[in-house]
């Protein structure tokens with residue numbers, strides 16, 4: 389495992405500033421990659437609405453942004469090229485993303501998908517345990533059932549368990565994804581390195597995770613449109629945080 393550096397709150401501010409700079413230098417690419425997430429969010433919301441199961445969109449939309457390691461590589465490669473002064477074009481960036489299919493990223497993607505699917509299964513099970521016998525005829529038009537004692541307990545339980553899932557996945561991927569793009573290492577080593585960075589800097593990395601979670605939640609509220617800003621900003625910033633953590 390590579391020895392991680394000690395990070396400070398200043399590293400987060402600098403990473404965000406550099407991420408915003410990269411987004412401004414390559415806005416079209418950033419908006420394109422963010423658009424993939426926005427389109428996916430709309431498709432999920434429409435599918436659940438048409439099926440009359442709008443409430444299931446909550447755990448699905450909460451997990452959807454973690455399903456894009458290949459898209460994340462797009463942001464990382466843009467920042468890597470800008471940092472190195474390399475040519476930046478659609479063909480170059482898309483080529484790097486396409487090449488990842490033969491490297492370690494698919495293994496990481498499989499782990500993320502398993503997390504996502506298991507979280508959705510667990511969310512359904514928690515829902516059934518607390519509200520399985522409740523009258524659900526008005527859930528499509530009213531969320532009053534969630535304000536009942538069972539509903540509030542379900543929300544609290546789901547929040548705690550979801551936070552554990554999110555923290556685990558964050559620890560495994562926050563550094564490993566840019567590391568896999570940048571260097572020829574196996575995905576297990578990359579995950580161990582990522583966990584090492586988080587364990588070495590628990591308060592700073594927890595602050596980073598909280599900031600990302602709040603920004604993503606706020607970005608989803610206006611019809612996912614906020615993701616056009618939040619995803620490129622944090623995608624580029626994560627690359628710079630990775631560089632500060634390991635180099």
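Numbering (my numbering), first residue to last: 389 to 635.
By construction, the Cβ of each residue, glycine as well, lies at the ideal position given by its N, Cα and C atoms.
- Query: What number of angstroms, rounded off, separates the C-alpha of residue 412 from the C-alpha of residue 537?
  - Reply: Here residue 412 refers to the residue found at position 24 of the chain shown. Here residue 537 refers to the residue found at position 149 of the chain shown. Computed Cα separation, rounded: 48 Å.
- Would you tell me roughly how many angstroms separate the C-alpha atoms of residue 632 and residue 595, rounded to the nearest one? Counted from its first residue, the chain shown places residue 632 at position 244. Counted from its first residue, the chain shown places residue 595 at position 207. Computed Cα separation, rounded: 16 Å.
- If we count the other Cβ atoms within 10 Å of its Cβ and call it buried at 16 or more, is residue 477 buried or exposed? Looking up residue 477 in the chain shown gives position 89. Only exposed fits residue 477, as fewer than 16 other CB atoms lie within 10 angstroms of its CB.
- Message: Assuming residue 557 and residue 503 are in contact, meaning their beta carbons sit under 8 Å apart, how far apart are those beta carbons, in whole angstroms?
- Response: As a position in the chain shown, residue 557 is number 169, starting the count at 1. As a position in the chain shown, residue 503 is number 115, starting the count at 1. Contact flag correct, Cβ pair sits at about 5 Å.
- At what residue ranges does the region 395 to 444 contain a whole run of the alpha helix (DSSP H), taking only runs of 4 or more? Listed in chain order, they are 397 to 413 and 415 to 438.
- If you count every other CB in all the chains shown that lies within 10 Å of the CB of residue 581, and 16 or more means buried, which is it? Position 193 of the chain shown, counted from the start, is the residue given in the question as residue 581. Within 10 angstroms of the beta-carbon of residue 581 lie 16 or more other beta-carbons, which makes it buried.
- Can you grab the Cα-Cα spacing for the pair residue 390 / residue 634, in whole Å? Translated into the one-based positions of the chain shown, residue 390 becomes position 2. Translated into the one-based positions of the chain shown, residue 634 becomes position 246. Taking the straight line joining both Cα atoms gives about 7 Å.
- Message: In whole angstroms, give me the CA-to-CA distance for residue 479 and residue 421.
- Response: If you number the chain shown from 1, residue 479 lands on position 91. If you number the chain shown from 1, residue 421 lands on position 33. C-alpha separation (whole angstroms): 14 Å.
- Task: Could you tell me which of 602, 505 and 535 sits nearest to residue 519, measuring between CA atoms?
- Result: Within the chain shown, numbered from 1, the residue matching residue 519 stands at position 131. Residue 519 has its Cα closest to that of 535, out of 602, 505 and 535.
- Task: Determine the direct distance from the alpha carbon of residue 542 to that of residue 515, and round the result to whole angstroms.
- Result: What you label residue 515 is simply residue 127 of the chain shown in a count that begins at 1. What you label residue 542 is simply residue 154 of the chain shown in a count that begins at 1. Each residue's Cα considered, the two are about 7 Å apart.
- Task: Measure the beta-carbon distance from residue 608 to residue 562 and round it to whole angstroms, keeping in mind my assumption that it falls under 8 Å.
- Result: In the chain shown, counting from the first residue as 1, residue 608 sits at position 220. In the chain shown, counting from the first residue as 1, residue 562 sits at position 174. Between residue 562 and residue 608 the Cβ distance is about 20 Å, and since that is not below 8 Å, they are no contact.
- Message: If we require 4 or more residues per run, which alpha helix (DSSP H) segments fall completely within the region 530 to 617?
- Response: 537 to 561, 564 to 570, 575 to 588 and 590 to 608
- Message: Could you check whether residue 495 and residue 553 sit closer than 8 Å to each other, using their CB atoms as the reference points?
- Response: For the purposes of this step, residue 553 is identified with residue 165 of the chain shown, where counting begins at 1. For the purposes of this step, residue 495 is identified with residue 107 of the chain shown, where counting begins at 1. No, the Cβ-Cβ distance between residue 553 and residue 495 is not below 8 Å.
- Message: Please report the straight-line C-alpha distance between residue 605 and residue 544, rounded to a whole angstrom.
- Response: Here residue 605 is taken as the residue at index 217 of the chain shown, counted from 1. Here residue 544 is taken as the residue at index 156 of the chain shown, counted from 1. Using only the alpha carbons, I get a separation of about 17 Å.
- C-alpha gap between residue 620 and residue 419, whole angstroms: Counted from its first residue, the chain shown places residue 620 at position 232. Counted from its first residue, the chain shown places residue 419 at position 31. When rounded, the distance between both Cα atoms is 7 Å.
- Query: In chain order, what residues of the same chain lie with their CB nearer than 6 Å to the CB of residue 526, ignoring the 5 residues before and after it?
  - Reply: Translated into positions along the chain shown, residue 526 becomes position 138. Residue confidence is low: residue 526 scores 48 on pLDDT, short of 50, so the model does not pin down where it sits. Its coordinate-derived value is still stated next. Residues of the same chain with their beta carbon placed closer than 6 Å to that of residue 526 are lacking, with the five preceding and five following residues left out of the count.
- Message: Is it buried or exposed, residue 513, if we count other Cβ atoms within 10 angstroms and call 16 or more buried?
- Response: Along the chain shown, read from residue 1 onward, the residue named residue 513 stands at position 125. Classification of residue 513: exposed, given that the 10 Å Cβ count is below 16.
- Backbone CA spacing between residue 506 and residue 500 [nearest angstrom]: The residue you call residue 506 lines up with position 118 of the chain shown. The residue you call residue 500 lines up with position 112 of the chain shown. Rounded to whole angstroms, residue 506 to residue 500 spans 10 Å at the Cα level.
- Between the Cα of residue 601 and those of 429, 618 and 585, spot the shortest distance and give me the residue it belongs to. Counting from one through the chain shown, the residue named residue 601 turns up at place 213. Comparing Cα positions, the closest option is 618.
- For residue 460, collect the residues of the same chain with a Cβ closer than 7 Å to its Cβ; drop the 5 residues on either side in sequence, then sort them by chain order. The residue given as residue 460 occupies position 72 in the chain shown. The answer, listed in chain order, is 565 and 623.
- Query: Secondary structure at residue 489, three-state DSSP: helix, strand or coil?
  - Reply: Locating residue 489 in the chain shown gives position 101, where the first residue counts as 1. Helix, per DSSP.
- Message: If you reduce the DSSP assignment to three classes, tell me which class residue 473 lands in.
- Response: Mapped onto the chain shown, residue 473 falls at position 85. Coil, per DSSP.
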